[in-house]
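Notes to accompany the following structure.
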Amino acid sequence: MPIKFSREWSLFVALCCMWTQVACDHSTAHSRDRVLPVEKAEVVAAFPHDPEAFSQGLVVEGGTLYESTGLFGSSSLRIVDLETGKVQKIVRLNDQYFGEGLTKRGDQLIQITWKNREAFVFDAATLEYKSTIRYAGEGWGLTRWGEHLVMSDGSSVLKVLEPETFRVLKKISVRADGRAVSDLNELETVGNEIWANIWHRDLILRIDPRTGEGIGWIDLSHLFPSNRRPHQEAVLNGIAYDPVKGRLFVTGKNWPQLFEIRVASLPEPAVKKP
Numbered sequence: 001m002p003i004k005f006s007r008e009w010s011l012f013v014a015l016c017c018m019w020t021q022v023a024c025d026h027s028t029a030h031s032r033d034r035v036l037p038v039e040k041a042e043v044v045a046a047f048p049h050d051p052e053a054f055s056q057g058l059v060v061e062g063g064t065l066y067e068s069t070g071l072f073g074s075s076s077l078r079i080v081d082l083e084t085g086k087v088q089k090i091v092r093l094n095d096q097y098f099g100e101g102l103t104k105r106g107d108q109l110i111q112i113t114w115k116n117r118e119a120f121v122f123d124a125a126t127l128e129y130k131s132t133i134r135y136a137g138e139g140w141g142l143t144r145w146g147e148h149l150v151m152s153d154g155s156s157v158l159k160v161l162e163p164e165t166f167r168v169l170k171k172i173s174v175r176a177d178g179r180a181v182s183d184l185n186e187l188e189t190v191g192n193e194i195w196a197n198i199w200h201r202d203l204i205l206r207i208d209p210r211t212g213e214g215i216g217w218i219d220l221s222h223l224f225p226s227n228r229r230p231h232q233e234a235v236l237n238g239i240a241y242d243p244v245k246g247r248l249f250v251t252g253k254n255w256p257q258l259f260e261i262r263v264a265s266l267p268e269p270a271v272k273k274p
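Numbering (full-length UniProt numbering), first residue to last: 1 to 274.
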């Protein structure tokens, strides 16, 4: 009798485990395949933006905008007055470099390049060159995430980097609406999320960096319609978030304006208005 009871109990436990696994797999698949919500951004204000700036990376701090621009022979790093759009300081990269994403770490700016596999470190106040960091693969977007950096390379994978050496600590595969999302471009950390431009799409994808799963889309197609843009590559590219004031800015390559926008998914600012 004890042997018979043991076998029946084992069979019961095995069946329970099987059904639990099936239920979990179904739940996970359903979660991955769900269609993400789409938010329409509200325009708060529009500011002048240099239409010659092929925007690749944005950082905002107070009333100062830091901008990385691209194209061989035209790449630069700039300090820009947010309200007027006037360039206050500029460093031009050598002609063989194609500037890409940008982030601020302490009192330093880090600017990556497209195919040169080099990142440049500058003093944030003076734009004085400090050092070069070399890395593997292409560089598209860059953001600071806690103590680390996160870089995109145009694929569906984000790389978590050690900031001093760009050593890859982790790779995050990004998915949304049941499929991998490629062409991840400019990046920005917003609260506990990473927000990404998608090359040639007028959308921002909100990403959970712990899992790579998309949280939602932000539709920006109404900001600067494609039929008004100067050329095919004048795409949406550039996200800058000020966590202290809770302000969010976006622009595009050769766009004449920088937009402050508001969406419901923005976290509360660190300093609330009185």
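The C-beta atom is built at its ideal place from N, Cα and C for all residues, glycine as well. From a predicted model like this one, the values you see are computed outputs, not experimental measurements.
task: Within its chain, find whatever has a CB closer than 6 angstroms to the CB of Y97; leave out the 5 residues flanking it on each side and keep chain order.
output: In the sequence shown, counting from the first residue as 1, residue 97 sits at position 97. Around Y97: S75, T113 and N116.
- request: To the nearest angstrom, report how far apart V235 and G252 are at their CA atoms.
  value: Counting from one through the sequence shown, the residue named residue 235 turns up at place 235. Counting from one through the sequence shown, the residue named residue 252 turns up at place 252. Cα to Cα, the separation comes out at about 5 angstroms.
message: Within 10 Å of its beta-carbon, does S55 have 16 or more other beta-carbons around it, so buried, or fewer, so exposed?
response: Against the sequence shown, residue 55 aligns to sequence position 55. Classification for S55: buried.
message: Tell me which residue opens and which closes the beta strand (DSSP E) that N197 is part of.
response: In the sequence shown, counting from the first residue as 1, residue 197 sits at position 197. That run of the beta strand (DSSP E) goes E193 to I198.
task: Just tell me which of G191, P51, Y135 and A176 has its CA closest to the CA of L169.
output: Sequence index remark: in the sequence shown, residue 169 carries index 169 (1-based). Measuring from the Cα of L169, the nearest candidate turns out to be Y135.
message: When you measure from the CB of K40 to every non-hydrogen atom of the ligand FAD, does any distance come out below 7 angstroms?
response: Inclusion of the ligand FAD in the displayed structure is not the case, the ligand content being empty and no account of it being possible.
- prompt: Going straight from the alpha carbon of I239 to that of I194, what length do you get?
  reply: Position 239 of the sequence shown, counted from the first residue, corresponds to residue 239. Position 194 of the sequence shown, counted from the first residue, corresponds to residue 194. Those two C-alpha atoms are separated by around 11 angstroms.
message: Can you find the residues in the same chain that come closer than 8 angstroms, C-beta to C-beta, to G73, ignoring five residues on each side of it along the sequence?
response: As a working mapping, residue 73 is identified with position 73 in the sequence shown. Once the five neighbours on either side are set aside, the close Cβ partners of G73 are D95.
field: Nearest neighbour of P243, chosen from G99, E268, V121 and V157 [CA to CA]
entry: Here residue 243 is taken as the residue at index 243 of the sequence shown, counted from 1. Out of G99, E268, V121 and V157, E268 has the C-alpha closest to the C-alpha of P243.
query: Straight-line CA distance for W255 to P225?
result: The residue labelled residue 255 in the question sits at position 255 within the sequence shown. The residue labelled residue 225 in the question sits at position 225 within the sequence shown. Each residue's Cα considered, the two are about 11 angstroms apart.
message: Taking a contact to mean a Cβ-Cβ separation below 8 angstroms, would you say L142 touches T103 in this structure?
response: Position 142 of the sequence shown holds residue 142. Position 103 of the sequence shown holds residue 103. Their beta carbons are under 8 angstroms apart, which means L142 touches T103 by this criterion.
The beta strand (DSSP E) enclosing P48, as first and last residue numbers: Sequence index remark: in the sequence shown, residue 48 carries index 48 (1-based). Where P48 is concerned, the enclosing beta strand (DSSP E) stretches over E42 to P48.
query: Going by alpha carbons, who is nearest to K159 out of R179, L187 and A176?
result: Here residue 159 refers to the residue found at position 159 when the sequence shown is read from its first residue. Nearest of R179, L187 and A176 to K159, Cα basis: L187.
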